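**Student:** Per the working numbering, the very first residue in the sequence shown carries number 22; after that it's consecutive.
Beta carbons: idealized from backbone N, C-alpha and C, even for Gly.
In this text the structure is predicted, and so the values were computed from the model without any measurement.
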Amino acid sequence: MENQVFQLSHVVARRNAAQAVMAAPDGFMVKIGPRTRSTDQNALLHALFGEVAKKATWGGRRLTLDQWKVLFISGHAIATGLGADMVPGLENEYVNIRESSARMSIARMTSLIEYVLAWCAENGVDTHEARIRYGHEVAA
Numbered sequence: 022m023e024n025q026v027f028q029l030s031h032v033v034a035r036r037n038a039a040q041a042v043m044a045a046p047d048g049f050m051v052k053i054g055p056r057t058r059s060t061d062q063n064a065l066l067h068a069l070f071g072e073v074a075k076k077a078t079w080g081g082r083r084l085t086l087d088q089w090k091v092l093f094i095s096g097h098a099i100a101t102g103l104g105a106d107m108v109p110g111l112e113n114e115y116v117n118i119r120e121s122s123a124r125m126s127i128a129r130m131t132s133l134i135e136y137v138l139a140w141c142a143e144n145g146v147d148t149h150e151a152r153i154r155y156g157h158e159v160a161a
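1. If you count every other CB in all the chains shown that lies within 10 Å of the CB of E72, and 16 or more means buried, which is it?
2. Using DSSP with H/G/I as helix, E/B as strand and the rest coil, what is Y136?
3. When DSSP builds the beta bridges, which residues end up paired with N117?
4. For R82, does the three-state DSSP call read helix, strand or coil?
5. For G96, collect the residues of the same chain with a Cβ closer than 8 Å to its Cβ; drop the 5 residues on either side in sequence, then sort them by chain order.
6. Classify A94: buried if its beta carbon has 16 or more other beta carbons within 10 angstroms, exposed otherwise.
7. Indicate the three-state DSSP secondary structure (helix, strand or coil) for S126 in the structure shown.
8. Tell me, please, whether the region 148-155 touches the region 111-127 by the rule of three or more beta-carbon pairs shorter than 8 Å.
9. Quick check on the DSSP output: the alpha helix (DSSP H) that includes H149 runs from which residue to which?
10. Going by CA-CA distance only, name the one from S121, A45, I53 that's closest to A162.
11. Let's test the definition: count the other Cβ atoms within 10 Å of the Cβ of Q62 and tell me whether it reaches 16, buried, or not, exposed.
12. What does the Cβ neighbour count give for A123, buried or exposed, with the cut at 16 atoms within 10 Å?
13. Less than 8 Å between the beta carbons of L133 and L66, yes or no?
14. Does the Cβ of T101 lie closer than 7 Å to at least one heavy atom of the ligand PLP?
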């Protein structure tokens, strides 16, 4: 049996999900929860991180896409009231135990994308190419 995903948006989908659960072999798992970020959102967000990594500096130096991702997710958490969870690391460094972008809801990911776009606009980082490429803006 292959993986199956059901969006519980109407009675037929719920019935099909229930039938799949009843037909599943012993040992299979079921997880029911809200939809998480979309593939399109993920692609746009990483394209934006890439644009920032190419065009901006922080603390007087260039950062990688992954470093910008950490900064933006941390900043977004503070800006939206989620806060930060700073703990001493294994080698006496400080680590922000930040939220996972992979587990964000679609609404939360939308908020993060808007946060990144606002930061870029305020800091002169042109994101036009990434927004066109991933359908966030219509080409002129």
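**Tutor:** Well, looking at it:
1. Translated into positions along the sequence shown, residue 72 becomes position 51. By the neighbour-count rule (16 or more Cβ atoms within 10 Å), E72 is buried.
2. Sequence index remark: in the sequence shown, residue 136 carries index 115 (1-based). Three-state result, Y136: helix.
3. Counted from its first residue, the sequence shown places residue 117 at position 96. DSSP lists M107 as partners of N117.
4. In the sequence shown, counting from the first residue as 1, residue 82 sits at position 61. If DSSP states are grouped into helix, strand and coil, R82 belongs with the strands.
5. Here the question's residue 96 lines up with position 75 in the sequence shown. Closer than 8 Å at the Cβ level, and outside the excluded window around G96, lie Y136, W140.
6. For the purposes of this step, residue 94 is taken as the residue at position 73 of the sequence shown. Before going on, a small fix: residue 94 reads as Ile here, not Ala. Classification of I94: buried, given that the 10 Å Cβ count is 16 or more.
7. Counting from one through the sequence shown, the residue named residue 126 turns up at place 105. Of the three classes helix, strand and coil, the one that applies to S126 here is strand, per DSSP.
8. no
9. By one-based count along the sequence shown, residue 149 stands at place 128. 149-154 is the extent of the alpha helix (DSSP H) around H149.
10. The structure shown does not extend to residue 162, since the chain is modelled only from 22 through 161, so no value can be given for it.
11. Taking the first residue of the sequence shown as 1, we reach residue 62 at position 41. By the neighbour-count rule (16 or more Cβ atoms within 10 Å), Q62 is buried.
12. Taking the sequence shown and counting its residues from 1, the one referred to as residue 123 is at position 102. So A123 ends up on the exposed side.
13. Against the sequence shown, residue 133 aligns to sequence position 112. Against the sequence shown, residue 66 aligns to sequence position 45. Contact: yes.
14. The ligand PLP is not part of this structure, which contains no ligands at all.
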